Each structure stands twice: as structure tokens, then as C-alpha cells.
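Student:
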Amino acid sequence: MKPSSLTQSMSWLHTWGGLIFGWLLFAIFLTGTLAVFDKEIDVWMQPEAPVSHVDQAQAAEHAISYLQRHHGAESAWDISLPTARSPVLSVSTGERRRNAPRQYLDPNTGEPIDIRETAGGRFFFLFHFTLHMPRNIGIWLVGLAAVGMLVALFSSLIIHKKFFKEFFTFRPNKGQRSWLDAHNATGVLVLPFHLMITYTGLVIFSLIYMPAAVDALFDGDREAAFGPGQPAKTEQQAAQGARNGRSQNEGRGEGSGELVALTPLQPLLLQAEQALGEVRSVSISHPGRSDARIEMRPVLGNRIELSKGLSMTFAGVSGEVLKMPEQSRWAQLTQRVLSGLHFAQFGGYPMRWLYFICGMASCAMIATGLVLFTVKRRRRPEAEGPIAAQLYHLAERLNISVIAGLSIACAAYLWGNRLLPAELSQRGAWEVRVFFACWALSLLHACCRERTQAWREQLVCAAALCVCMPLLSLATMTRPWAEPIRAYLELSTVACGALFAFAAWRIGQKKPAPAPRRQSRNVSQELLNAD
Amino acid sequence: MKPSRSFSWATVSRIIAALFGGYLYTYAFTAAIAQMLPLEPRDALVVATLPAFVIYPLTILWAFACPRPRMVWASAGLALPLLLIGFWPQFLRAVA
């Protein structure tokens, strides 16, 4: 690099930084965009879950009567309630763990039902920040890619000083110019979103990425920084401690042999809903004893503030409130609101669609940038020596397998859910294997086929997988669209499939174009170099 | 704009300076801000950490925008006084 001006050095940085991180960023943005609808994908991937018409209180009563019948002796129950986005009711017993085995219940009747094991929409969510690698390697790689994204965005602002003018410029059907215009338009149009989503993504893991302040102020002791003794809480805790002590004594005094009935959950749910928003889970410790506790947790982030770990506790027998949810300190609140902006769990479906569309625009910006890199260099591949030519060849293949291949892999992942046998053990892991196998196949295919043909065949394959999704459901299930969420999801995949088909058709159309251009290039090389 | 010019050690030096020097500088800057803010430590922690994710990309831009490669490393050296400010209490403890 021998930069002679700021614009040139920034555009060098934008080109190469964008290329190196572009493939990774595309995968992160695409799976992240799909993860906006993770719960809906879950519902689609668990087609046995019945359509629920009951409210949460009724579902909770069903769950409690099931638990009393089958797990009366357990020391703790956990109930996951059906919510607006996910109509599934499930229970687990014993210590509350993330991967505890769960029993699914029909929320309408309380009868146990079998639901296929699946990795669900959660896979997209996890892949989006761990890349399915051992957790911290993936998190650091994604963080590095996010910094690369910010660098690319900042440098693009320096390169395109007149980007507002360029925003209104679109020259279709002009080859390289059109790719550049599309890259600029998608970049500028949702620039605030690109900046916001990348920055807030870094903020979520801020203390992993940048532990400087913890090291300087707390000698690296994260427990000390976030641990016990929040001043806003201590007063409440003291009062609560006194009450806890009292009720525990009462519990012991009565003897543990006899069963004490739990208070009805409905009024408690109403109270919790007022304080927390929609409730997701109810845990009951020591059910049947007089010192039983009921803890309610909200749906993750039903406000902008990301309310992880927020809860409200009631006494199990009297229904008295023991602990109100904590309020965040102002600085912590700032950080949680920023994280919440990334998670997009507030604002309901309109907000989800806004994030989804903006996320797709980000994907489009990254994809057009990657394609632009290769289109620019396709004209004179031998001009920069054999190593560069090899590099451009490789970039071309990687573009195909990252942009088209990942789309195939995501669609194939959904197909795997319907086609893998239901009794397969470790079924979720197999779904993930289908995803990676298809992705690897697409890379192999991209390496074997001629460039244009590889693009077209993979796009056609992605289109076919997406468009045929409803047929697949029709073939493998009895009433595939009983739950409207599943029908909407399939409509959306059909729409995506139509876009892939359109892209494949355009590539097919363009095929005769290069021949006359090659002739004209020989005639007027200078004219082209002037671009 | 001309694409890839020939590979050079100056470029490698800039890339290393950007990734590692930039991170070191950001780390030191964050620690210094956290130490100097007249806030309760738990608040200072967040207030100092949030700007880090803007500072780091900017240092990377600087590493490539700076006209001379040596100047890049010289500016990464600014991290040392910042580190001293940030870890002043630990430094005093180590000396005593």
C-alpha cells in the first residue's frame, strides 16, 4: 500500500477490510436477521405443538395440576408459559437449568404431548454470535468482524463525501456501475441501522471485549463490579430478608409432612404482568410446603431495556409480594437499553419486521460489496500477476458459497427438520449437521462449476427449497397451517424464494452480454480505465 | 481508485499496528477514563467502556490514514502514559 491521499488510503482499507470480513459479516448478518423471528421459527419447527386458545392463567393451572399429580415430591417446579409469540407450554422439575429435560403439555387440556426434538430458531441466534465454535473463540471472531464493519462504515463516510447525491443515483443494467450504486444505496439508506446494530452488538459483550475498566477499577474482578450490594436494592433486601426469615420459621413450625395448597396463580400473574410485562416462566420452590415461593420472570426484553435476570417473587401460600423487580442504575440502564436495541424484543411485530427488513438491507449491502469486488477485477484478471488472479478466483468461489450457499444451508436446515425421522436421537444436532453439510456441498459445487453457472444453479436451488416449503409441509403433516404463525413463515420463505428465482433469472439473462463487451474492451481500453 | 498495490512490509506493519496497537491504545484510554471519571466505580465502568467501541475503529482508521508508518507506532506509544493513569492505584501498590 502506497497511499498518496486520505481518500485513497481509506478506499484501500474499505476494499480489503470489507473483503476479508465481508464473508464472515454476511453470515453473521443473515443468521442474525433470521434470528429476529427465532420464536416463530421454533413454532414452525415444532409442528406437533397444538394451537392454544387458553390464557396464561388457565395454562398455568393445567401445568400445576400435572406437576402435582406426577412430581408432587420434587423440591422445585418450573413452568414455561405460552406467550403471544410461542404457544408452547412446558414444565421441568428440580434445579432450574438451561438444558433441563422438559415435558411439553397441551395448554388446552394439560395432557402431556410429544414434540419433536429440534435445534430450532435458537440455532440461528447462537450461530450469529458464536459461529458454532467453542464459545469464546466465536465471540471474539464476531467482535473482530463487528469492528471491521465499523471501520468499513467509517471509511466509507470519508470516501463518499457526496453520498447524499449518490443515494439518488441508480443506474440499472450497467454492470459494475449498477453493483456500485446498489452497494451505495443499501449502505446509505439504512446507514443508521448498520451503525446502531453493529455498535450495540459490541456493547452486549462489552466487558469481554474491553475489560480495561474492570481491570483498572476492580482489579479484573467482575463479581465485584456486578455482584452483591447494589445500593438501590439493599433497603428492599433488608425488609425482604426479615420477612423471609419469618416465613421460613413458620414453614418449619408446621412440619413438612402435610401438603399446603398453593395460592391461585391468576391474581399473581396479573400483578407480575403489571410490574414486568408479559410473563414467560413461573418457578415454584418447595411446592406443598408453607414456605413455598413463586418466582415469575418476564419474556426476555419486552421493553427496550434488556431485562435479563429480572424477576418478581411471591409467597406461595399467601400470595404476598416478597420481592419487586430491581430497578437498574442509570449507567447500567444505558447499557441494557443499548443491548435491548440490538435484541429487538420490544415494539411487537411491526418492529420485528422493521429490523428484519433493515437486516436484509445490511445483508444486501455486504453481498453487493463482495460481488462488486470481483466484478471490478474480472475485467483484467491477469493484470496484477498470477497470485492476485488466484486470489480473485478464490474470492469468486467464496462469494458464491457464502451468499448463495448459506441461503441454501438455512433453507435446508428447515427441510431437515421436516424430513429427519422424528425418533432420531440427538435430532437437533442432526439438523445442525444438515446445515453445515449443505454449506460445505455448496462450496464444493462452487469450486467445480463455471462461475456464472455455479451462481445460477445455487440460486435456483435456494429458490426451489424456499418456494417448495409449503409443499413439504403439506406432504409431511396432516394440518400444516392450523397455527397461523407457520403459514406466515412459509409465505415469507416463498417470498424469499421468489427473490432468489429473480436473481437466478437475471444471471441467466445477462449471459450473452459479456461477448460484445470483450470486443469493445480491446478497441477502447482507455475508455474503460477511465471509470 | 487502484486496487491492491504490491505487497509490502509497510502494509503489514500498519495492519499489526492497527489491530494490536489500536487495541492497546483503546484499552489504555478506557482504563484512564474509568479512573478519572468522578463517578461511582460501577457507573464509571459503563461510561468509560461504551465509547471504546468507537475509539478502536477510529484508531484503526488512523493507522491507515497516517502518512508515515513510523508515526503510527509512535502514536500507539501514547498508550503508556494512559496506562499509567488508568492503573495508578495498582502501580502505587506495586511500588510500595
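Chain order of the listed sequences is S and U.
Count along the first sequence from 1, add 350, and you get the number used in our numbering.
Count along the second sequence from 1, add 123, and you get the number used in our numbering.
Glycine included, every Cβ here is placed at the ideal spot set by N, Cα and C.
Values in this document were obtained by computation on a predicted structure and should not be read as measured data.
1) Quick one: list the residues of chain U neighbouring residue 567/S, beta-carbon separation under 8 Å, in chain order.
2) Just verifying my parser: in three-state terms, what is the DSSP assignment at residue 629/S?
3) May I ask you to report which of helix, strand or coil DSSP gives residue 569/S?
4) So the beta strand (DSSP E) residue 428/S belongs to, where does it begin and stop?
5) Compare the C-alpha of residue 550/S against each of 155/U, 167/U, 176/U and name the closest.
6) Straight-line CA distance for residue 625/S to residue 663/S?
7) How do the region 170-186 of chain U and the region 554-568 of chain S stand: do at least 3 beta-carbon pairs fall below 8 Å, yes or no?
8) For residue 677/S, which three-state DSSP category applies?
9) Output yes or no for whether 9 Å exceeds the beta carbon distance between residue 822/S and residue 758/S.
10) Would you report the Cα separation of residue 713/S and residue 443/S, rounded to the nearest angstrom?
11) Excluding sequence positions up to five away, which residues of its chain have a Cβ less than 7 Å from the Cβ of residue 404/S?
12) How is residue 383/S classed by DSSP in three states: helix, strand or coil?
13) Going residue by residue through the region 721-765 of chain S, where are the continuous alpha helix (DSSP H) segments of at least 4 residues, counting only ones entirely within it?
14) So the candidates are 852/S, 841/S, 842/S, 835/S; which of them puts its Cα closest to the Cα of residue 402/S?
15) Excluding five sequence neighbours on each side, which residues of the same chain lie with their C-beta closer than 8 Å to the C-beta of residue 598/S?
16) With a threshold of 16 other CB atoms inside 10 Å of the CB of residue 205/U, please say whether the residue is buried or exposed.
17) With which residues is residue 442/S paired in a DSSP beta bridge?
18) Provide the residue(s) that pair with residue 437/S in DSSP beta bridges, ordered along the chain.
19) For residue 667/S versus residue 612/S, is the C-beta spacing smaller than 9 Å?
20) Checking 9 Å against the spacing of the C-beta atoms, do residue 723/S and residue 369/S come in under that value?
21) For the region 679-690 of chain S, which residues have a beta carbon sitting closer than 8 Å to at least one beta carbon of chain U?
22) I'd like to know whether the C-beta of residue 693/S is nearer than 9 Å to at least one C-beta of chain U.
23) Whole angstroms is fine: what's the gap from residue 539/S's alpha carbon to residue 636/S's?
24) Thinking C-alpha only, which one of 134/U, 189/U, 158/U is nearest residue 211/U?
25) Just to confirm my understanding: we take residue 467/S, look at its own chain, exclude 5 residues before and 5 after, and list those with CB closer than 6 Å. What are they?
26) I'd like to know if the region 672-691 of chain S and the region 527-535 of chain S are in contact, where contact means that at least 3 CB-CB pairs between them fall below 8 Å.
27) Expressed to the nearest angstrom, what Euclidean distance is found between the alpha-carbon atoms of residue 427/S and residue 621/S?
28) Could you pull out every residue in the same chain whose Cβ sits closer than 8 Å to the Cβ of residue 806/S, ignoring the five residues on either side in sequence?
29) For a quick check, are the C-beta atoms of residue 843/S and residue 827/S less than 9 Å apart?
30) Is residue 178/U helix, strand or coil by DSSP?
31) Measure from the alpha carbon of residue 155/U to the alpha carbon of each residue in 208/U, 215/U, 218/U, then state which is nearest.
32) Using the Cβ count rule (16 or more neighbours within 10 Å means buried), how would you classify residue 769/S?
33) Residues in the same chain with beta-carbon distance under 6 Å from residue 375/S, minus the five sequence neighbours each way, listed in chain order, please.
34) Does any CB atom of chain U fall closer than 9 Å to the CB of residue 504/S?
35) Runs of 4 residues minimum, wholly inside the region 490-556 of chain S: which ones carry the alpha helix (DSSP H) assignment?
36) With a threshold of 9 Å between beta carbons, is residue 181/U in contact with chain S?
Tutor: Taking the geometry as given:
1) Reading the first sequence from its first residue, position 217 is the one you call residue 567/S. Correct list: 157, 158, 164, 167, 168.
2) Position 279 of the first sequence holds residue 629/S. In this structure, residue 629/S counts as strand in the three-state DSSP scheme.
3) The residue labelled residue 569/S in the question sits at position 219 within the first sequence. If DSSP states are grouped into helix, strand and coil, residue 569/S belongs with coil.
4) Translated into positions along the first sequence, residue 428/S becomes position 78. Where residue 428/S is concerned, the enclosing beta strand (DSSP E) stretches over 426-430.
5) In the first sequence, the residue the question calls residue 550/S occupies position 200. Checked all of 155/U, 167/U, 176/U; the closest Cα to residue 550/S is 176/U.
6) Start at 1 with the first residue of the first sequence, and residue 625/S comes out as number 275. Start at 1 with the first residue of the first sequence, and residue 663/S comes out as number 313. About 11 Å.
7) yes
8) In the first sequence, counting from the first residue as 1, residue 677/S sits at position 327. In the structure shown, residue 677/S sits in coil (DSSP, three-state: anything other than H, G, I, E or B).
9) Within the first sequence, the letter at position 472 stands for residue 822/S. Within the first sequence, the letter at position 408 stands for residue 758/S. Contact flag unset, no.
10) For the purposes of this step, residue 713/S is taken as residue 363 along the first sequence, with counting starting at 1. For the purposes of this step, residue 443/S is taken as residue 93 along the first sequence, with counting starting at 1. Approximately 42 Å, taken between the alpha carbons.
11) Taking the first residue of the first sequence as 1, we reach residue 404/S at position 54. Contacts found: 457, 458.
12) The residue labelled residue 383/S in the question sits at position 33 within the first sequence. Helix at residue 383/S.
13) 735-749
14) Here the question's residue 402/S lines up with position 52 in the first sequence. Residue 402/S has its Cα closest to that of 835/S, out of 852/S, 841/S, 842/S, 835/S.
15) Counted from its first residue, the first sequence places residue 598/S at position 248. Confidence is the limiting factor: at residue 598/S the pLDDT is only 42, short of 50, which leaves the residue's position unreliable, though a coordinate-based value still follows. So the qualifying residues of the chain are 641.
16) Here the question's residue 205/U lines up with position 82 in the second sequence. Buried, by the Cβ-count rule.
17) For the purposes of this step, residue 442/S is taken as the residue at position 92 of the first sequence. Answer is 428/S, bridged to residue 442/S.
18) Reading the first sequence from its first residue, position 87 is the one you call residue 437/S. Per DSSP, none; premise fails for residue 437/S.
19) Position 317 of the first sequence holds residue 667/S. Position 262 of the first sequence holds residue 612/S. Cβ atoms of residue 667/S and residue 612/S: closer than 9 Å.
20) Walking along the first sequence from the start, residue 723/S turns up at place 373. Walking along the first sequence from the start, residue 369/S turns up at place 19. Their beta carbons are under 9 Å apart, which means residue 723/S touches residue 369/S by this criterion.
21) Flagged, chain order: 679, 680, 681, 682, 684, 685, 688.
22) Against the first sequence, residue 693/S aligns to sequence position 343. It does not; no Cβ of chain U falls within 9 Å.
23) Looking up residue 539/S in the first sequence gives position 189. Looking up residue 636/S in the first sequence gives position 286. The alpha-carbon atoms of residue 539/S and residue 636/S are separated by roughly 55 Å.
24) As a position in the second sequence, residue 211/U is number 88, starting the count at 1. It is 158/U whose Cα lies nearest to the Cα of residue 211/U.
25) As a working note, residue 467/S is residue 117 in the first sequence. Once the five neighbours on either side are set aside, the close Cβ partners of residue 467/S are 777, 778.
26) no
27) Indexing the first sequence from 1 puts residue 427/S at position 77. Indexing the first sequence from 1 puts residue 621/S at position 271. Taking the straight line joining both Cα atoms gives about 20 Å.
28) Position 456 of the first sequence, counted from the first residue, corresponds to residue 806/S. Excluding residues within five positions, the ones whose Cβ falls inside 8 Å are 854, 857, 858.
29) As a first step, residue 843/S must be located in the first sequence, where it is residue number 493. As a first step, residue 827/S must be located in the first sequence, where it is residue number 477. The answer is no: Cβ separation not under 9 Å.
30) Walking along the second sequence from the start, residue 178/U turns up at place 55. Of the three classes helix, strand and coil, the one that applies to residue 178/U here is helix, per DSSP.
31) Taking the first residue of the second sequence as 1, we reach residue 155/U at position 32. Minimum Cα distance to residue 155/U is reached at 208/U.
32) Within the first sequence, the letter at position 419 stands for residue 769/S. When all chains shown are included, residue 769/S counts as exposed.
33) Stepping through the first sequence from its first residue, residue 375/S is reached at position 25. For residue 375/S, where only same-chain residues beyond five positions count, the Cβ hits under 6 Å are 495, 499, 716.
34) Residue mapping note: residue 504/S aligns to position 154 of the first sequence, counting from 1. At least one chain U Cβ lies under 9 Å of residue 504/S.
35) 513-517, 526-539, 541-554
36) Translated into positions along the second sequence, residue 181/U becomes position 58. Closer than 9 Å: yes.
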